[in-house]
Amino acid sequence: MNGRLLASALLAPLIGALVTWLVPARSKRTLAWLNLLATLISLICIVLAHVGGNGQQIILQMKNAPLALNFQLDGLTAFFALLFLGAWTATSVYSFAYMEREAANRRFYVFLQLTLLGCVGVVLASDFLTLFVFFELMTLCSYVLVVHEEDAGAMEAGNLYLALGGLGGLALLAGIILFYNQVGTADFMPLPGNVSTFFAVAMGIVFFLGFGIKAGVFPLHIWLPSAHPMAPTPASALLSGIMIKTGAYGLFRVFHTVLQPQAEIFGWMLLGLGLITMVLGAFLAFFQDQVKKTLAYSSISQIGYIVMGLGAAVIPSGHSYYGIAGMLFHILNHGVFKTTLFMCAGAIYLYTRNLDYDQLGGLLKKYPLLTASFVISALGITGMPGFNGYGSKTLLHHALSDLYAANPTWLLWLAEKLYVLASALTICYFVKLFGNIFLGKKEWPGLPSKMSFSVQLPLGLGAAAVIGLGLFPGHIVRWLLIPAMRAIGFEEIALEHLANINFWNGHDLSAMAITFALAAVILLLARGLKLDSRKLPQGLSLEAIAYRPMARGFIGLSQATAYGDSLAAQIYKGFAAVFLGLCRGAAALDGAIDCMYKAGGKGLVRFIGAGGAVDSKINTLYSTFGRGALRGISAIKAWEGNLAVLFKKTGLALLGGVRKLDGVERKFSVLGAKEKQGKLQRLQKAIRAFSGRISRSNIELLLAVIILAVMIIIFILYSPRG
Amino acid sequence: MKGFYNYLPVLAVCFPVFASLVVFGLQRYSARARDIAVLIGTGITFALVAWMYPYIQSQGTIGILFSGILPPFGLSFSADIFSFFLALIASGVWLLATIYSREYIAHEGRQNRYYPFLLLTLGGCLGVFLTGDFFSLFIFFELMSFAAYVLIVHEESPGAMAAGYKYLILTLIGGLALFFAIVIAFEEAGNVLIAPGNFLITSISPLALSAFIGFLLGFGIKMGVFPLHIWLPDAHPVAPSPASALLSGVMLKTGAYGLIRVVYNVYGPELIAQAGWDIILMVLASITIFLGSAVALVQTDIKRRLAYSSIGQMGYVLLGISLLTLNGLTGTIFHILAHALMKSALFMCAGAIIFKTGKREISELSGIGYEMPITLSVFTVASLSMIGIPPFNGFISKLVLSLGALDAGKAGFVVLLIVSSLLNGIYFLPIVINGFLGVKKEQRIWPKPFAELKASMWIPLVILAVLCGIFSVLPVNYPLGWAEAAARMLTGAVK
């Protein structure tokens, strides 16, 4: 029963996509309803399966297939699936109003559903091959969401996304193949000890490429800030809030479960890259001048926190439960507030048709609910106590300081400081963002005073979730995180310790206070140096420095190969020329022989001329004979003529008799004879036509029949006997 | 040798040859009767091939030797699971291409020449798969090659004639090399039967090497292996599209079939490994894979791009042969099916686009997805399968091949396969993307909308696309089981 519920949770988006594609209705509202319905069904199925099974592991397997798709629902996968589906439901409500203004709604919803299927499938998969199948589905379908606008910018961002997404998929596949080859199964399990370090490290690197690109970890993040803002807002909210988490999930499975023997190397790598991603993302976010771009860079920075937490948990010397709990909690939190923030940005765009900093301002008075939702989510992301980011950032901070306590090196000391710096920078860019959008004296006379309900509802829900998660972090840890961590085999003692954490202690609160103070200093400095209105030079981007030259080199290599290929053709032509030369030589020889033959021929002709003289004499002799014969023949002809006259006379007499007979017959003929004759004539004509065709003697047909007969005879005669 | 079923391979080979004569005769009377006869002929051939399945399951090998025909050697027909698998692919794809041809060739003209030769080529092709010794194989190999020439030059344009000439010359060279190799094998063993465990050449000698090179030339030219591939990118694009689909999708595979038989039945994998000749194959395969994919990238003509892509894909097949592992061989045999399905679908889609618009340049095809959604959707599915994206069958063959490479301890080939996949992505996806996306209504090249294909043309396409999806991760993927059984039979591995 629970297995069936799990199957229906996966089938709902697939069927939803099919129905959306095929349904004849053209109204955008109907399509949006279908989308919401499918998402809700999927959500309810997961909830029922998880609650109905009391949180026990549910396994769903496809049997007898060469590549069986296997799924499992346990504490961890349910945690991810519920987060994904919850965010998807909220954005589905939101897209009612948002997509009203966009074109190609049908395509959008179909691919939104398929992307949902991909995302949910990735986390529910119970082995790497199943995960890969859904990972690729997600990558390809979300591409369509990215290029939804179909303008030049979107296409370019989409190309970059697809190139890196494809590269990541292939790297992932390479990792899976290596894993399968070494272990003999694709299940999530630790590498056996006998696998060589070389293979393990190679596997780690390709897996990191595969999942790291999706997650947006430095230096693989370059596609993210161009692709996420391009999609229509409901899609960017999901791309940024949810989809990058599949990458984080994959990194978790690989580096926490599979590569345990190599934990030392990769733990430090993840920690370092996570910190760089955190600081770099926050730093770049500060210099953006467009709302969605800022939010996209902010996502990169936040993924840095998640990867950092994973790294801290993987390093063997620390307390891994802090890192994992912080990572999971931050995945949940980021999902909530980033989705809400993107929806706020979308609401701004929906009414003002603009997202640039210098065009916005003064929206505080216009839309108080929007402002409130934005501020609450921003406070969540900055880690203000009482809002949700506080809980996860505190856990992550604990993970880092514990690690420092276990091995006090200057690198870890620096890491802790960088962590604080990144958090402070986060506060800075949100202050800048808030100031540019909501403050100022710009008037908006043309705007409707009230936002649409389908926009207000998810914004309100998002803000409520941020506060709810923020006020009761201890409950979240006990209810959601501990079951998830139990499912991946954490010891009960560690979980016990985690359950008893008090988030509201002076130490953690003062750490946050320090962060805010640092942020204030940075802001004042930036204002003083007028840094906040500067832009970074384009040429410094990683894309321009590393990725484009690499791509160019690759294409160049292909062109070189094509040139090589044409050279091969040239070589063939060369051979042909040599061959032709030889042939010409042979032809010259042949010509010489020909000359000889000709000379011989002339002699022959002369000889024949001599013979001809003799021949003409014989000819005369014959003609004399011939004349005599001719005379004889003419005599015979005359005699024959007489005979012919005799015959003619007899014939005429006979004809007269027949005519008389015919006259008698006519008298006896009855009416309708004419009709009969007509029919007869038609029949005769048909027969004549048919026989005509036959007589044109279709040789091929005859040949076919003969050959068949011959074949049969041969087979009968020659077939072995006995 | 009693039992009717032993005659099934003979019937399957002779029936299309006979049918081609009937079609040649029928065309005098009515074009309709001719078209129907072609369809029925191909359909019955397919049925005859499929009919063999239960007997092969129970008997292992079925077939018969006519010792009186072709006196010293005898003409023999036989089918085991491997031959059956390839014959089934060939006749199945042929049937779909024939259905597709009706509309397409009506547009091109000269059906009266096209159809009989189409059937004749099918007979030759099935003959290659279903014969029991190398001399019989050689006869049908030549029949197929020369009958296919007529299909290639169908348009009779100067380009087609030149490409056909090139094809003819290389086919001649290949045929002669093959004949030479078979004669050596006969001299060594006293027979040329294709039977498991009957290795014709059992020691390494200069003669054995020259026979190997002869076989490699003969089958390699047909298969399009570097550096013998040069006829392929000229000949495949000039043929009418259904014929290109068959040339690329099926006929290339006769070369692969022959090479597999050579490696596993003439020399045996142990001897090949001992002599180190698998290295020759591996090097050629690597070059072919990279060259095919890389050169396809810079082609601008859609059919030429597909032809180069075929070269790359045949490199995969050669790679699987050269690995000499069970997984490698399974991957190769399954890839033969996968490539037959996807490449025929791609060529027929390209053909449909050319048929409707007359445009072949890839840059001129943006926005085509709005007018021909079915065609481009099938193209998309086949391209994704080509790149190796799940859940399509190209993914399975790539996966199994990679596992085979790792079994052989050669991890470098996994990288090669992945680079090639990436290249496939780079040259296929832009066609799909520009076809469906990024072109606003007012910017479209096609100002007037035109209708999608007729059902008789799109149904075969859709069937191919569906098969690409079905024969992959679903439990109904019987062909993978057959491929594995064939590989087990050839390697002699016990289950």
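For the protein sequence lines, the chains are H and U, in the order given. Be aware that the first sequence starts at 1, since it is given in this note's numbering, and climbs by one per residue. Be aware that the second sequence starts at 1001, since it is given in this note's numbering, and climbs by one per residue. Glycine included, each C-beta is placed from N, C-alpha and C at the ideal position.
| Asked | Found |
| --- | --- |
| Pick from U:1094, U:1208, U:1378 and U:1167: whose alpha carbon is nearest that of residue 1120 of chain U? | U:1094 |
| Suppose only complete runs of 4+ residues qualify. What are the alpha helix (DSSP H) ranges in the stretch 1356-1415 of chain U, listed by chain order? | 1368-1371, 1373-1387 and 1393-1407 |
| If we define contact as Cβ-Cβ less than 8 Å, is residue 1294 of chain U a contact residue for chain H? | yes |
| Can you tell me the Cα-Cα spacing of residue 118 of chain H and residue 1367 of chain U, whole angstroms? | 27 Å |
| Using the C-alpha atoms, what's the distance from residue 568 of chain H back to residue 1130 of chain U? | 35 Å |
| Can you name the start and end residues of the alpha helix (DSSP H) that residue 105 of chain H belongs to? | 105-124 |
| Who are the Cβ neighbours of residue 1381 of chain U in its own chain at under 8 Å, not counting the five residues just before and after it? | 1345, 1392, 1465, 1468 and 1469 |
| What does the alpha-carbon distance come out to for the pair residue 1361 of chain U and residue 1284 of chain U? | 30 Å |
| Can you check the stretch 186-223 of chain H for any alpha helix (DSSP H) of at least 4 residues that lies completely inside it and give the ranges in chain order? | 197-215 |
| Based on Cα-Cα distance, which residue from U:1038, U:1061 and U:1287 lies nearest to residue 1006 of chain U? | U:1061 |
| Give the DSSP bridge partners of residue 1078 of chain U, in chain order. | U:1063 |
| Can you list, in chain order, the residues of its chain whose CB lies under 7 Å from that of residue 173 of chain H, leaving out five sequence neighbours each side? | 132 |
| Less than 8 Å between CB atoms is the rule here; does residue 1413 of chain U satisfy it with respect to chain H? | no |
| Can you check whether the C-beta of residue 1062 of chain U is within less than 8 Å of a C-beta belonging to chain H? | no |
| Short of 8 Å in beta carbon distance, which residues of its chain neighbour residue 418 of chain H, apart from the five on each side in sequence? Order them along the chain. | 275, 278 and 279 |
| Which residues in the same chain have their Cβ closer than 6 Å to the Cβ of residue 334 of chain H, if we skip the five residues on either side of it in sequence? | 302 |
| Could you spell out the range, first to last residue, of the beta strand (DSSP E) harbouring residue 60 of chain H? | 58-61 |
| Under three-state DSSP, which class holds residue 409 of chain H? | coil |
| Classify residue 353 of chain H as buried or exposed, calling it buried when 16 or more other Cβ atoms lie within 10 Å of its own Cβ. | exposed |
| Across which residues does DSSP place residue 71 of chain H in a beta bridge pair? | H:60 and H:125 |
| For residue 1018 of chain U, which residues in chain H fall below 9 Å Cβ to Cβ? | 704, 707, 708 and 711 |
| Cβ of residue 1468 of chain U less than 8 Å from any chain H Cβ? | no |
| Among the residues of its own chain, which have a CB less than 7 Å from the CB of residue 1489 of chain U, if the five just before and after it don't count? | 1080, 1081, 1082 and 1196 |
| Could you tell me the boundaries of the alpha helix (DSSP H) in which residue 508 of chain H lies? | 506-529 |
| Quick one: is residue 231 of chain H near chain U, going by C-beta distance under 8 Å? | no |
| Taking only three categories from DSSP, how would you classify residue 1133 of chain U? | strand |
| Assuming residue 96 of chain H contacts residue 32 of chain H (C-beta within less than 8 Å), just tell me the rounded distance between them. | 5 Å |
| Is it buried or exposed, residue 136 of chain H, if we count other Cβ atoms within 10 angstroms and call 16 or more buried? | buried |
| Since residue 46 of chain H and residue 85 of chain H should fall inside the 8 Å C-beta cutoff, what is the C-beta to C-beta distance between them, to a whole number of angstroms? | 6 Å |
| Are residue 1248 of chain U and residue 1166 of chain U close, meaning C-beta to C-beta below 8 Å? | no |
| Within 10 Å of its beta-carbon, does residue 54 of chain H have 16 or more other beta-carbons around it, so buried, or fewer, so exposed? | exposed |
| Report the neighbours of residue 166 of chain H on chain U: residues whose CB is nearer than 9 Å to its CB, in chain order. | 1387, 1389, 1421, 1422, 1425, 1426 and 1429 |
| Buried or exposed: which applies to residue 189 of chain H, given that a residue is buried once 16 or more other Cβ atoms fall within 10 Å of its Cβ? | exposed |
| So, does the CB of residue 1014 of chain U fall closer than 8 Å to a CB anywhere in chain H? | yes |
| So, for residue 19 of chain H: in the same chain, excluding its five sequence neighbours on each side, which residues have a beta-carbon less than 7 Å away from its beta-carbon? | 34 |
| If you count every other CB in all the chains shown that lies within 10 Å of the CB of residue 228 of chain H, and 16 or more means buried, which is it? | buried |
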